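Only one structure is covered here, and it is reproduced in the block below.
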Amino acid sequence: MISTDKIKNVCLLSHGNAGKTTLCEAMLFETKAIERKGNIMDGNTVSDYDAEEIKRQTSINSSVIPIMWKDHKINLIDAPGYFDFVGEQIQAVTAADGAIIVVSGKSGVSAGTEKAWELAKAHGIPVVFFVNKMDSPKADYDNVIHQLKETFGKSVAPFTYPIKNGDTFTGYIDIVTMQQKDFTAKDPVYKEIPDNMMALANEGRDMLLEAVAEVSEEMMEKYFNGEEFTDEEIRVSIKQGVEDGSLVPVICGSATEQIGIHRLIHMMYEYMPAPNEINHVSCEDAKGEPVEVKADSGASVCLQVFKTVVDNYVGKMSIFKVLSGTVKKDDTLLNANKGENEKIAKLYTLCGKKQVEVDSLAAGDIGATTKLICTDTGDTLCSPKNVVKAEAIKFPKPVLSMAIVPKAKGDEEKISAGLSKLMEEDPTFKVENNKETKQMVISGTGDQHLAIITSKLTSKFGVAVDLIAPRIAYREAIKKKVKVEGKHKKQSGGHGQYGHVWIEFEPCDSADGLVFEEKVFGGSVPKNYFPAVEKGLQECMKQGVVAGYPMVGLKATLLDGSYHPVDSSEMAFKTAASIAYKTGLAQADPILLEPIGMLKALAKNAYTGDIVGDINKRRGRILGMNPLDGDMTEVVAEVPVSEMTGYATDLRAITNGRGSFDFEFDHYEETPRNLYDKIIEDAKE
Numbered sequence: 001m002i003s004t005d006k007i008k009n010v011c012l013l014s015h016g017n018a019g020k021t022t023l024c025e026a027m028l029f030e031t032k033a034i035e036r037k038g039n040i041m042d043g044n045t046v047s048d049y050d051a052e053e054i055k056r057q058t059s060i061n062s063s064v065i066p067i068m069w070k071d072h073k074i075n076l077i078d079a080p081g082y083f084d085f086v087g088e089q090i091q092a093v094t095a096a097d098g099a100i101i102v103v104s105g106k107s108g109v110s111a112g113t114e115k116a117w118e119l120a121k122a123h124g125i126p127v128v129f130f131v132n133k134m135d136s137p138k139a140d141y142d143n144v145i146h147q148l149k150e151t152f153g154k155s156v157a158p159f160t161y162p163i164k165n166g167d168t169f170t171g172y173i174d175i176v177t178m179q180q181k182d183f184t185a186k187d188p189v190y191k192e193i194p195d196n197m198m199a200l201a202n203e204g205r206d207m208l209l210e211a212v213a214e215v216s217e218e219m220m221e222k223y224f225n226g227e228e229f230t231d232e233e234i235r236v237s238i239k240q241g242v243e244d245g246s247l248v249p250v251i252c253g254s255a256t257e258q259i260g261i262h263r264l265i266h267m268m269y270e271y272m273p274a275p276n277e278i279n280h281v282s283c284e285d286a287k288g289e290p291v292e293v294k295a296d297s298g299a300s301v302c303l304q305v306f307k308t309v310v311d312n313y314v315g316k317m318s319i320f321k322v323l324s325g326t327v328k329k330d331d332t333l334l335n336a337n338k339g340e341n342e343k344i345a346k347l348y349t350l351c352g353k354k355q356v357e358v359d360s361l362a363a364g365d366i367g368a369t370t371k372l373i374c375t376d377t378g379d380t381l382c383s384p385k386n387v388v389k390a391e392a393i394k395f396p397k398p399v400l401s402m403a404i405v406p407k408a409k410g411d412e413e414k415i416s417a418g419l420s421k422l423m424e425e426d427p428t429f430k431v432e433n434n435k436e437t438k439q440m441v442i443s444g445t446g447d448q449h450l451a452i453i454t455s456k457l458t459s460k461f462g463v464a465v466d467l468i469a470p471r472i473a474y475r476e477a478i479k480k481k482v483k484v485e486g487k488h489k490k491q492s493g494g495h496g497q498y499g500h501v502w503i504e505f506e507p508c509d510s511a512d513g514l515v516f517e518e519k520v521f522g523g524s525v526p527k528n529y530f531p532a533v534e535k536g537l538q539e540c541m542k543q544g545v546v547a548g549y550p551m552v553g554l555k556a557t558l559l560d561g562s563y564h565p566v567d568s569s570e571m572a573f574k575t576a577a578s579i580a581y582k583t584g585l586a587q588a589d590p591i592l593l594e595p596i597g598m599l600k601a602l603a604k605n606a607y608t609g610d611i612v613g614d615i616n617k618r619r620g621r622i623l624g625m626n627p628l629d630g631d632m633t634e635v636v637a638e639v640p641v642s643e644m645t646g647y648a649t650d651l652r653a654i655t656n657g658r659g660s661f662d663f664e665f666d667h668y669e670e671t672p673r674n675l676y677d678k679i680i681e682d683a684k685e
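With the working numbering applied, the sequence shown closes on residue 685, and no number is skipped along the way.
Written as structure tokens, this is what we have:
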């Protein structure tokens, strides 16, 4: 068992295609955990082991990759880079105590870099930037440093500078040790800094010392007095600065050429905090009072499940971080969220898909167990003698909804079972059976997310499906007041059927359904038939007269009628009411109502104009624009639900991936008449 003070939990974040997975392979190779580096193209990397990841050649799931460095265990958590998998990124950051944000030396700071920074800062974890792909002729380190400083502030400090011979990346200058590391020979060696790069090295060193000086008043005073810092003072100050966020180191390198990997690992070992060195985790006790849980192996056991994997062979695997205490196999713990006991039958550490059984795990470590009965992602398991509950993991709401259609009849149950299991794995994915539209609707974070869900349905559960735009739940109403007769008279030998009513229909703003009144004088319609008339109208309102959508906001007043002492019945009066409904509503200027949602779109000020233009194209009404900190604006608008299909994808395109939004149903309002023909045609289909 590795002790808490010798554990580091570090997540790898980036924009897609910056090279995180290749960097993982490089670090595994550097620490001799693997003998040969895997390749994304060959589908044999340790962290991208899922069939979908191999097929698509991109990370979809976060995976835990532990490496040993000196006497320390560094749990790397490789998170996907693309926006559709933000849930996996959140899970990775939740378990991490530090983040490496990988930036491409070619493309520089992108939307994913900014999102990764925001995610790390929101969780209060320190950041180190690794500028990858410096072996590319198109890589521009100076430009990347400029972008990083401009985007993330003056705390960004380069710790290494690349050395190139023409287009060939041959090594780097380390301004902490003020040495050059050369990779031209088989084994890399340290050398003196070349004369032609000494000025750059000194400039970088001055920047570093200035950043170190700002870590504490004592160091600042020493700096202004012109006193030299000792190596130990620099090391301690860098560690403090990284932990409190006042210093954000930048390392250059190439994962494919194995340059800068040793330096990066040593930086994690040297400067990233161990779980017992950071702020305590905020929890609640059994009474709901706030308590802080410390990463102490001798304390009561408390762990939080940050990820769930459902496998056809292994079953349900819960991946967790031990927040305090030492968890042992065969422990019985209380699920503080559900109030149920769970048995930890077996304990594992993970390396990609590989599981290694262990007897115990100390506070701060990451592990897994299988076959928990009621535990879901975000749940806390703790000692029944000391009940504590960690703060729930906050996942974004799904933003794209599509209806799912089986390609083969009779697959509905299989689809439902498969989607249920996929929902256990993915808190950003939701399934709803819409009773009104009679469709199964799945919702996720983007089109790529939903495409992978449907692909998994085929590969894991053997069912093929199509995705189509979900039907819109329109409503119908009337605009005019009308008075109509409904008469049902039928003679067929023996008892006949007779029901006769006069009903006044009018719009009613105060009701979603039917408001029924009666103003019958002189007993022309006996009281015992009033409920039958109302029931007949209630049943009719399930279908309007324009396109068959439910009728809302209707007031019906029974004014008059007649009855037959023998032939009248409840059924006859129900039928008479139905005749009056169909006749009257057709004359009452019936209209279609469409659902309108409240849209709140968030983006940089520079994109506001394009966002507003796009909303206008969607028949939206701008209600306001709220300026926020960080050069951001929130655009608030009312937009028809029918115009929001694909908005998640379009907003990303408009804002280069930097925008986000929230959309919720708000109310119904009249649909423009020019859309009626298509809506009626769709309703018939």
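No residue lacks a Cβ here, since even glycine has one placed at the ideal position from N, Cα and C.
As the structure is a prediction and not an experimental result, all values here were calculated from the model.
Taking all protein chains shown into account, do 16 or more other C-beta atoms lie within 10 angstroms of the C-beta of I373, making it buried, or fewer, making it exposed?
-> Taking the sequence shown and counting its residues from 1, the one referred to as residue 373 is at position 373. Exposed, since its Cβ has fewer than 16 Cβ neighbours within 10 Å.
May I ask you to report which of helix, strand or coil DSSP gives P188?
-> On the sequence shown, residue 188 is found 188 positions in, with the first residue counted as 1. DSSP places P188 outside both helix and strand once states are collapsed to three, so it counts as coil.
Label Y313 either buried or exposed according to how many other C-beta atoms from any shown protein chain fall within 10 Å of its C-beta, with 16 as the threshold for buried.
-> Translated into the one-based positions of the sequence shown, residue 313 becomes position 313. Under this definition Y313 is an exposed residue.
Name the residue from L628, M178, E118 and V189 whose alpha carbon lies nearest to the alpha carbon of L208.
-> Here residue 208 refers to the residue found at position 208 when the sequence shown is read from its first residue. The residue from L628, M178, E118 and V189 with its alpha-carbon nearest to that of L208 is M178.
Look at S297 and A363 and say whether their C-beta atoms are less than 7 Å apart.
-> Here residue 297 corresponds to residue number 297 of the sequence shown, with the count starting at 1. Here residue 363 corresponds to residue number 363 of the sequence shown, with the count starting at 1. Going by C-beta atoms, S297 is nearer than 7 Å to A363.
Quick one: Cα of A577 to Cα of G496, how far?
-> Residue 577 sits at position 577 when you count from the first residue of the sequence shown. Residue 496 sits at position 496 when you count from the first residue of the sequence shown. Computed Cα separation, rounded: 17 Å.
Buried versus exposed, by CB contacts within 10 Å (16 or more), L12 | Here residue 12 refers to the residue found at position 12 when the sequence shown is read from its first residue. It is buried - the Cβ of L12 has at least 16 other Cβ atoms within 10 Å.
Tell me, to the nearest whole angstrom, how far the beta carbon of V103 is from that of V128; I am working on the premise that it is less than 8 Å.
-> Counted from its first residue, the sequence shown places residue 103 at position 103. Counted from its first residue, the sequence shown places residue 128 at position 128. About 11 Å; that fails the 8 Å criterion.
Near S401, what residues of its chain come up, given a Cβ to Cβ distance below 6 Å and the 5 sequence neighbours on each side ignored?
-> Taking the first residue of the sequence shown as position 1, residue 401 is located at position 401. Same-chain partners within the cutoff: V441, S443 and P470.
What is the DSSP secondary structure of C302, reduced to helix, strand or coil?
-> Here residue 302 refers to the residue found at position 302 when the sequence shown is read from its first residue. Correct three-state label for C302: strand.
Residue closest to L323, alpha-carbon to alpha-carbon, out of L361, K20 and E485 = Residue 323 sits at position 323 when you count from the first residue of the sequence shown. It is L361.
T608: which of M632, A588 and G597 sits nearest, CA to CA?
-> Walking along the sequence shown from the start, residue 608 turns up at place 608. Selected option, being the one with the closest Cα: M632.
If P595 sits next to G553, beta carbons under 8 Å apart, how far is it from one beta carbon to the other, in whole angstroms?
-> Residue mapping note: residue 595 aligns to position 595 of the sequence shown, counting from 1. Residue mapping note: residue 553 aligns to position 553 of the sequence shown, counting from 1. No, P595 and G553 are not in contact; Cβ-Cβ is about 14 Å, not under 8 Å.
Check whether the Cβ atoms of Y271 and I234 lie closer than 7 Å to each other.
-> Translated into the one-based positions of the sequence shown, residue 271 becomes position 271. Translated into the one-based positions of the sequence shown, residue 234 becomes position 234. Their beta carbons are not under 7 Å apart, which means Y271 does not touch I234 by this criterion.
Residue environment, F224, which counts as buried when at least 16 other CB atoms sit within 10 Å = Taking the sequence shown and counting its residues from 1, the one referred to as residue 224 is at position 224. It counts as exposed.
From this set, P249, C540 and K385, which residue's C-alpha is nearest A477's C-alpha?
-> Translated into positions along the sequence shown, residue 477 becomes position 477. Of all alpha-carbon atoms in P249, C540 and K385, the one lying nearest the alpha-carbon of A477 is that of C540.
Given I2, which residues of its chain have a CB within under 7 Å of its CB, disregarding the five upstream and five downstream residues?
-> In the sequence shown, counting from the first residue as 1, residue 2 sits at position 2. Correct list, in chain order: K73, A362 and D365.
Can you say whether M68 is buried or exposed, counting buried as having 16 or more other CB atoms within 10 angstroms of its CB?
-> Within the sequence shown, residue 68 is the residue found at index 68, counting from 1. That one is exposed.
Name, in chain order, the residues that DSSP records as bridge partners for L334.
-> Residue 334 sits at position 334 when you count from the first residue of the sequence shown. DSSP lists N341 and C382 as the beta-bridge partner residues of L334.
Which residues DSSP lists as bridging Y172, in chain order | Translated into the one-based positions of the sequence shown, residue 172 becomes position 172. Residue pairing by DSSP places Y172 opposite P162 and K181 in a beta bridge.
Count the other C-beta atoms from every protein chain shown that fall within 10 angstroms of the C-beta of L381, then say buried if there are 16 or more, exposed otherwise.
-> On the sequence shown, residue 381 is found 381 positions in, with the first residue counted as 1. Flag for L381 reads buried.
Residue from V305, M27 and L450 whose Cα sits closest to the Cα of G646 | In the sequence shown, counting from the first residue as 1, residue 646 sits at position 646. When only C-alpha atoms are compared, the closest one is L450.
Confirm, please, whether the CB-CB distance from D379 to V305 is below 7 Å.
-> Within the sequence shown, residue 305 is the residue found at index 305, counting from 1. Within the sequence shown, residue 379 is the residue found at index 379, counting from 1. Going by C-beta atoms, V305 is nearer than 7 Å to D379.
Secondary structure at L208, three-state DSSP: helix, strand or coil?
-> Against the sequence shown, residue 208 aligns to sequence position 208. Reduced to three states, the DSSP call for L208 is helix.
Can you find at least 3 beta carbon pairs, one from the region 148-160 and one from the region 109-123, that sit closer than 8 Å?
-> yes
Taking only the alpha-carbon atoms, compute the straight-line gap between K37 and T256 and give it to the nearest angstrom.
-> Here residue 37 refers to the residue found at position 37 of the sequence shown. Here residue 256 refers to the residue found at position 256 of the sequence shown. If I take the Cα positions, the gap works out to 9 Å.
Hey, M134 and S254: beta-carbon distance below 7 Å or not?
-> One-based indexing of the sequence shown puts residue 134 at position 134. One-based indexing of the sequence shown puts residue 254 at position 254. Yes, the pair counts as a contact, with Cβ atoms nearer than the cut-off.
Assuming C351 and I65 make a contact with CB atoms under 8 Å, what is their CB distance in whole Å?
-> The count along the sequence shown starts at 1 and reaches residue 351 at position 351. The count along the sequence shown starts at 1 and reaches residue 65 at position 65. The pair is a contact, with the Cβ atoms about 6 Å apart (cut-off 8 Å).
Tell me, to the nearest whole angstrom, how far the beta carbon of E424 is from that of T308; I am working on the premise that it is less than 8 Å.
-> Here residue 424 refers to the residue found at position 424 of the sequence shown. Here residue 308 refers to the residue found at position 308 of the sequence shown. Their Cβ separation, rounded to whole angstroms, is 6 Å, which keeps E424 and T308 in contact under 8 Å.
Are E517 and M598 close, meaning C-beta to C-beta below 7 Å?
-> Reading the sequence shown from its first residue, position 517 is the one you call residue 517. Reading the sequence shown from its first residue, position 598 is the one you call residue 598. No, the pair does not count as a contact, with Cβ atoms beyond the cut-off.
Anyone know if the C-beta pair for V301 and V327 falls short of 7 Å?
-> Reading the sequence shown from its first residue, position 301 is the one you call residue 301. Reading the sequence shown from its first residue, position 327 is the one you call residue 327. Closer than 7 Å, so yes.
Give the C-beta separation of K321 and L333 to the nearest angstrom, bearing in mind that I take them to be a contact with Cβ-Cβ under 8 Å.
-> On the sequence shown, residue 321 is found 321 positions in, with the first residue counted as 1. On the sequence shown, residue 333 is found 333 positions in, with the first residue counted as 1. Not a contact, Cβ separation roughly 14 Å.
Distance, Cα to Cα, K32 vs G171?
-> Here the question's residue 32 lines up with position 32 in the sequence shown. Here the question's residue 171 lines up with position 171 in the sequence shown. Inter-residue distance for K32 and G171 is about 21 Å (C-alpha atoms, whole angstroms).
Note the first and the last residue of the continuous alpha helix (DSSP H) segment covering D365.
-> Looking up residue 365 in the sequence shown gives position 365. Unbroken run through D365: none, as it is neither H nor E.
Does the distance from the CB of M267 to the CB of K8 come in under 7 Å?
-> Within the sequence shown, numbered from 1, the residue matching residue 267 stands at position 267. Within the sequence shown, numbered from 1, the residue matching residue 8 stands at position 8. The answer is no: Cβ separation not under 7 Å.
My guess is that A368 and I404 are in contact by the Cβ rule of under 8 Å, so how many angstroms apart are they, rounded?
-> Reading the sequence shown from its first residue, position 368 is the one you call residue 368. Reading the sequence shown from its first residue, position 404 is the one you call residue 404. With 8 Å as the limit, A368 and I404 do not qualify as a contact, their Cβ atoms being about 30 Å apart.
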